[in-house]
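For the sequence shown, the residue numbers in the working numbering are 30 to 142.
Glycine included, C-beta positions come from ideal geometry on N, C-alpha and C.
Heads up: the structure comes next, in structure tokens.
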Amino acid sequence: VVACWLAVLLFMVVTCALIRLDMSLTGFEYRISVLLVTLGPMLCAVAAQQWLLHSYSGDEMVKFLTPVVYLSHAVWLLFLLHVCKVSEQKGGAMLPTGFRSVMYIDIFGWIRS
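Listed below in structure tokens is the structure:
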């Protein structure tokens with residue numbers, strides 16, 4: 030059981046590190062993204078642990094937490110659409126300028142912040 034929790038924690042830490050390295054976010058946006066990214070796996074792990082107990086209260090908790098996990102993931106995807114900052118460039122190209130790698134591609138400086 031401890032190994033499962035540590036695996037969930039490890040994947041969340043890696044995800045947060047990739048968000049920090051790949052995206053151009055303010056401090057507030059980073060904190061919101063970390064909250065949204067970690068909320069789903071943590072609630073899912075709690076639901077799985079409660080399901081393992083085979084108790085009435087655990088089953089009720091699973092029935093409550095399962096939709097919340099999907100809702101938190103949907104909110105994360107909507108927030109990701111917001112922070113990607115997709116903008117139309119000269120020539121009609123649509124680029125997600127919220128990612129650092131897209132900014133490195135802009136060798137002529139056409140993308141304005």
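Cβ-Cβ distance between residue i and residue j below 8 angstroms
i, j, result
"Gln-79", "Val-98", "no"
"Gln-118", "Leu-124", "yes"
"Cys-45", "Val-63", "yes"
Unbroken alpha helix (DSSP H) run spanning residue i, endpoints
i, result
"Val-30", "Per DSSP, Val-30 belongs to no alpha helix (DSSP H) and is neither H nor E."
"Phe-128", "Unbroken run through Phe-128: none, as it is neither H nor E."
"Ser-62", "56-82"
"Ser-53", "No alpha helix (DSSP H) contains Ser-53, which DSSP labels as neither H nor E."
Buried or exposed by the 16-neighbour rule on C-beta atoms within 10 Å, applied to residue i
i, result
"Leu-50", "exposed"
"Ala-76", "buried"
"Val-66", "buried"
"Gly-69", "buried"
"Gly-127", "buried"
"Ser-101", "buried"
Cross-strand partners of residue i (DSSP beta bridge)
i, result
"Glu-117", "Met-123"
"Met-41", "Met-41 pairs with nothing; no bridge assigned."
Among the options, nearest to residue i - alpha-carbon criterion
i, options, result
"Leu-72", "Leu-94, Leu-107, Pro-125", "Leu-94"
"Cys-113", "Trp-105, Val-43, Val-37", "Trp-105"
"Ala-74", "Gly-120, Leu-100, Cys-33, Gly-127", "Cys-33"
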